[in-house]
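Report on the following structure.
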Amino acid sequence: EDEGFIKEEEKPLPSHELQRKVWLLFEYPESSQGARVVAIISVFVILLSIVIFCLETLPEFKHYKVFNTTTNGTKIEEDEVPDITDPFFLIETICIIWFTFELSVRFLACPNKLNFFRDLMNFIDIIAIIPYFITLGTVIAGKENEMNLPKAP
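What the sequence shown shows, in the UniProt record's numbering, is residues 1 to 153, in sequence order.
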């Protein structure tokens, strides 16, 4: 504290000029008009992702599998594996592409890679996108299994 003013924490910047410009663009919205645009896009994508996540939980948007059982009954189950043509899955994919791009760019441009991983917000960003890639792996594995199953005569 100096003469009643709280000293602002120094922001370490990358030494390479291009890296510094990219870091400021993605990390500090107050640094330029372009950085504000990137921040607005990020907030929009976050809100879109939240809305899609909420809409997916509504019963009218759920997908179900119907099974005929051996006791002449019908069994209906919620389909847990999304279809890659499902609009919700496609929008979520676009959001995840943005999140992954933004996180990757910030990591590549950051002045200190170790501190990047120590930052709680970056850790949360990483944890937030991992489930999508697990789901995507499940979808792809399921499609490959369907393609490898012998066709009934």
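Yeah, the Cβ is synthetic: ideal placement off N, Cα and C, and Gly gets one too.
Requested in this report: State yes or no: is the C-beta of Ile129 within less than 7 Å of the C-beta of Ile91?
Outcome: Counted from its first residue, the sequence shown places residue 129 at position 129. Counted from its first residue, the sequence shown places residue 91 at position 91. No; because the gap between Cβ atoms is not below 7 Å, this pair is not in contact.
Requested in this report: Would you give the residue range spanned by the alpha helix (DSSP H) that Glu102 belongs to?
Outcome: For the purposes of this step, residue 102 is identified with residue 102 of the sequence shown, where counting begins at 1. Where Glu102 is concerned, the enclosing alpha helix (DSSP H) stretches over Pro87 to Ala109.
Requested in this report: Report all residues from its chain with a CB closer than 7 Å to the CB of Ile50; omit the five preceding and five following residues, and keep chain order.
Outcome: Locating residue 50 in the sequence shown gives position 50, counting from the first residue. Closer than 7 Å at Cβ, skipping near neighbours: no residue.
Query raised in the report: Does the Cβ of Cys54 have 16 or more other Cβ atoms within 10 Å, making it buried, or fewer, making it exposed?
Result: Numbered from 1 along the sequence shown, position 54 holds the residue referred to as residue 54. Answer is exposed; the Cβ neighbour count stays below 16.
**Report entry** C-beta atoms of Ala35 and Leu25 nearer than 7 Å
**Finding:** By 1-based counting over the sequence shown, the position of residue 35 is 35. By 1-based counting over the sequence shown, the position of residue 25 is 25. Ala35 places its beta carbon less than 7 Å from that of Leu25.
Requested in this report: Would you mind sorting Phe44 into buried or exposed? The rule is 16 or more other CB atoms within 10 Å of its CB.
Outcome: Position 44 of the sequence shown, counted from the start, is the residue given in the question as residue 44. Answer is exposed; the Cβ neighbour count stays below 16.
Query raised in the report: If you count every other CB in all the chains shown that lies within 10 Å of the CB of Phe5, and 16 or more means buried, which is it?
Result: Counting from one through the sequence shown, the residue named residue 5 turns up at place 5. Label assigned to Phe5: exposed.
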